[in-house]
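Step one of this worksheet: look at the structure below.
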Amino acid sequence: MKNKSFKLLIYGLSAFFITFINVAFATGHPVSRDSSVSARFKFRTLVIDAGHGGRATGASGSYSLEKNVTLAIALKLQQAVQKEIKDINVLMTRTTDVFVNNGLRAVMANDNKANLYISLHCNSLPNVRKVVNGKTVSVPNRSGKGVLLLVNIFRRSGEQVAAIMENQFAEEEKAYSKKEVNALSPEDAIMLNVYRDKYRKQSIHFANLVNNEFVNTDGRNSLGVIEQGVQVLAQTSMPSILVETGFINNPEEEDYLNSDQGQNEIVNSIVRAIKQYKREVEQVPQ
Ligand SMILES: [Zn+2]
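Shown next, in the form of structure tokens:
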């Protein structure tokens, strides 16, 4: 049919011009070895990490354990992201009550070239020592309140440097042994710092987006966004944050963390933050 072939011709020409424009646009930018700094960056893969699991129970409240709360929130978050953000691949570090060591969690994220890593945890305050009738006793401190967002401070740990180098320079088939990591070429050392600086900024930015949702939408108390050494995140080579969803050893917060309402609020806040972050990194030329 004439009409059909005419349509096909138009589609063909449009496809050609769109490709041409994209190529022209892409070549107008500095060539980068990192897909996440190219103008056509696409946020594809999110890792949701339910903290602890199996024999690693984490913190405990009066009736619940951190490992179960983090898993419940992680599974709800997985469902919500898959439902609300269509073109995103969600990876879970665990979906059942199993022990997974932190190194393996990071390897899973790195091998799948994840664009963002969210580790879910519950906070808890240590007992305080008090002297009662001349005896030192340990008394629970249930006064902790609110969320806390952690971003790892990059240290020159061999593992992380190796992870970043392997991921970013994979197409060059460079394998970095620890020895080589300690003697990087000046060019590679510069590139490494560029990635670290970018991941740091993106992690802090995403943490702030999540924190703002918790505070402004859910009315949660917040202890803020803090940069510190975070073992759970230390070997990931992408923007990554740890979310302390609340204090499990504070009875009020334990109820909130175990309730459908509380878990849904936490999940919805994180989903809104992911949507905004995804929009930003995909739209803003980097
Ligand atoms: Zn934890």
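With my numbering applied, the sequence shown covers 2 to 287. Beta carbons: idealized from backbone N, C-alpha and C, even for Gly. Note that the coordinates shown come from a computational prediction; the quantities given were computed from them, not determined experimentally.
Original post:
Between Arg273, Pro252, Lys43 and Phe215, which lies nearest to glutamate 245 when the distance is taken from Cα to Cα?
Top reply: Stepping through the sequence shown from its first residue, residue 245 is reached at position 244. The residue with the shortest Cα to Cα distance from glutamate 245 is Phe215.
Original post:
Does the beta-carbon distance from leucine 224 to leucine 121 come in below 8 Å?
Top reply: Position 223 of the sequence shown holds residue 224. Position 120 of the sequence shown holds residue 121. Taking 8 Å as the Cβ cut-off, leucine 224 and leucine 121 do not qualify as a contacting pair.
Original post:
Could you give the uninterrupted runs of the beta strand (DSSP E) lying entirely in the region 83-143, keeping only those of 3 residues or more?
Top reply: Within the region 83-143, the runs of beta strand (DSSP E) at least 3 residues long that lie entirely inside it are, in chain order, 90-93, 117-124, 129-133 and 136-140.
Original post:
Helix, strand or coil for glutamine 236 per DSSP?
Top reply: Taking the sequence shown and counting its residues from 1, the one referred to as residue 236 is at position 235. Residue state, collapsed to three classes: coil.
**OP:** Give every residue of the same chain whose Cβ lies closer than 6 Å to the Cβ of threonine 137, excluding the five residues on either side of it in the sequence, and list them in chain order.
**Re:** Walking along the sequence shown from the start, residue 137 turns up at place 136. Excluding positions up to five away in sequence, the list reads Arg130.
Subject >> Rounded straight-line distance, which links the Cα of aspartate 261 to that of glutamate 253 >> reply: For this step, residue 253 is matched to residue 252 along the sequence shown. For this step, residue 261 is matched to residue 260 along the sequence shown. Spanning the two alpha carbons is a distance of roughly 14 Å.
**OP:** Classify valine 132 as buried or exposed, calling it buried when 16 or more other Cβ atoms lie within 10 Å of its own Cβ.
**Re:** Residue numbering aside, residue 132 sits at position 131 when the sequence shown is read from its first letter. Exposed is the call here.
Original post:
Do the CB positions of asparagine 250 and glycine 145 come within less than 8 Å of each other?
Top reply: Stepping through the sequence shown from its first residue, residue 250 is reached at position 249. Stepping through the sequence shown from its first residue, residue 145 is reached at position 144. Contact flag set, yes.
Original post:
Just the residues with CB closer than 5 Å to a heavy atom of ligand 3, in chain order, which are they?
Top reply: Ligand 3 is absent from the structure shown, which contains only ligand 1.
Subject >> Rounded straight-line distance, which links the Cα of valine 226 to that of asparagine 212 >> reply: Residue 212 sits at position 211 when you count from the first residue of the sequence shown. Residue 226 sits at position 225 when you count from the first residue of the sequence shown. If you draw a straight line from the Cα of asparagine 212 to the Cα of valine 226, it comes to about 7 Å.
Original post:
Is phenylalanine 248 helix, strand or coil by DSSP?
Top reply: As a working mapping, residue 248 is identified with position 247 in the sequence shown. DSSP places phenylalanine 248 in strand when its eight states are reduced to three.
Subject >> Close-in-space but distant-in-sequence residues of the same chain around isoleucine 19 (CB under 6 Å, 5 per side omitted) >> reply: The residue you call residue 19 lines up with position 18 of the sequence shown. Any answer about isoleucine 19 is weak, because its pLDDT of 42 lies below 50 and its placement is not dependable; what the coordinates show is given next. The beta carbon of isoleucine 19 lies closer than 6 Å to none in the same chain, with the five residues before and after it left out.
**OP:** Could you tell me which residues DSSP pairs with aspartate 50 in its beta bridges?
**Re:** Indexing the sequence shown from 1 puts residue 50 at position 49. Looking at the DSSP output, aspartate 50 sits in a beta bridge with Ser120.
**OP:** To the nearest angstrom, report how far apart aspartate 219 and glycine 247 are at their CA atoms.
**Re:** Residue 219 sits at position 218 when you count from the first residue of the sequence shown. Residue 247 sits at position 246 when you count from the first residue of the sequence shown. The straight-line gap from Cα to Cα measures roughly 13 Å.
**OP:** Give the DSSP bridge partners of serine 223, in chain order.
**Re:** By one-based count along the sequence shown, residue 223 stands at place 222. Under DSSP, serine 223 takes part in a beta bridge, and its partners are Val148.
Subject >> Spatial distance of arginine 45 from glutamine 83 (CA atoms) >> reply: Residue mapping note: residue 45 aligns to position 44 of the sequence shown, counting from 1. Residue mapping note: residue 83 aligns to position 82 of the sequence shown, counting from 1. In this structure, the straight-line span from the alpha carbon of arginine 45 to that of glutamine 83 is close to 12 Å.
Original post:
Quick one, which of Glu283, Gly263 and Ile275 has its alpha-carbon nearest isoleucine 74's?
Top reply: Taking the first residue of the sequence shown as position 1, residue 74 is located at position 73. The residue among Glu283, Gly263 and Ile275 with its C-alpha nearest the C-alpha of isoleucine 74 is Gly263.
Original post:
How long is the line joining the alpha carbons of methionine 297 and proline 141, rounded to whole angstroms?
Top reply: With the chain covering only 2 through 287, there is no way to say anything about residue 297.
**OP:** Report yes if the CB atom of asparagine 134 is closer than 8 Å to the CB atom of glycine 230, and no otherwise.
**Re:** Sequence index remark: in the sequence shown, residue 134 carries index 133 (1-based). Sequence index remark: in the sequence shown, residue 230 carries index 229 (1-based). Against a cut-off of 8 Å, the Cβ pair of glycine 230 and asparagine 134 comes out as no contact.
Original post:
Anyone know if the C-beta pair for lysine 279 and isoleucine 86 falls short of 8 Å?
Top reply: By one-based count along the sequence shown, residue 279 stands at place 278. By one-based count along the sequence shown, residue 86 stands at place 85. Yes, these two residues count as a Cβ contact at 8 Å.
Subject >> Opposing strand residues paired with asparagine 153 [DSSP bridges] >> reply: The residue given as residue 153 occupies position 152 in the sequence shown. Asparagine 153 has Gln229 as its beta-bridge partners, per DSSP.
Subject >> Residue burial classification, lysine 202 (beta-carbon count within 10 angstroms, cutoff 16) >> reply: Taking the sequence shown and counting its residues from 1, one reaches residue 202 at position 201. With fewer than 16 other Cβ atoms within 10 Å, it is exposed.
Original post:
If you draw a straight line from the C-alpha of glutamate 67 to the C-alpha of serine 270, how long is it?
Top reply: Here residue 67 refers to the residue found at position 66 when the sequence shown is read from its first residue. Here residue 270 refers to the residue found at position 269 when the sequence shown is read from its first residue. Per the coordinates, the alpha-carbon of glutamate 67 lies some 20 Å from the alpha-carbon of serine 270.
Original post:
Is it buried or exposed for serine 241, if we count other Cβ within 10 angstroms and need 16 for buried?
Top reply: For the purposes of this step, residue 241 is taken as residue 240 along the sequence shown, with counting starting at 1. Its Cβ being crowded by 16 or more others within 10 Å, serine 241 is buried.
**OP:** Could you give the DSSP three-state label for leucine 193: helix, strand or coil?
**Re:** Within the sequence shown, residue 193 is the residue found at index 192, counting from 1. If DSSP states are grouped into helix, strand and coil, leucine 193 belongs with the helices.
**OP:** Compute the Euclidean distance between the alpha carbons of leucine 243 and valine 233, then round it to the nearest angstrom.
**Re:** Position 242 of the sequence shown, counted from the first residue, corresponds to residue 243. Position 232 of the sequence shown, counted from the first residue, corresponds to residue 233. When rounded, the distance between both Cα atoms is 8 Å.
**OP:** Please confirm if lysine 84 has its CB atom under 8 Å from at least one CB of chain C.
**Re:** Absence of chain C from the displayed structure is noted, only one protein chain being present.
Original post:
Buried or exposed: leucine 117, going by 16 or more other Cβ atoms within 10 Å of its Cβ?
Top reply: Position 116 of the sequence shown holds residue 117. Counting the other CB atoms within 10 Å of its CB gives leucine 117 a total of 16 or more, which places it among the buried residues.
**OP:** Hey, could you find the ends of the alpha helix (DSSP H) valine 282 is sitting in?
**Re:** To locate residue 282, count along the sequence shown from 1; it is residue 281. For valine 282, the enclosing alpha helix (DSSP H) stretches over residues 261-284.
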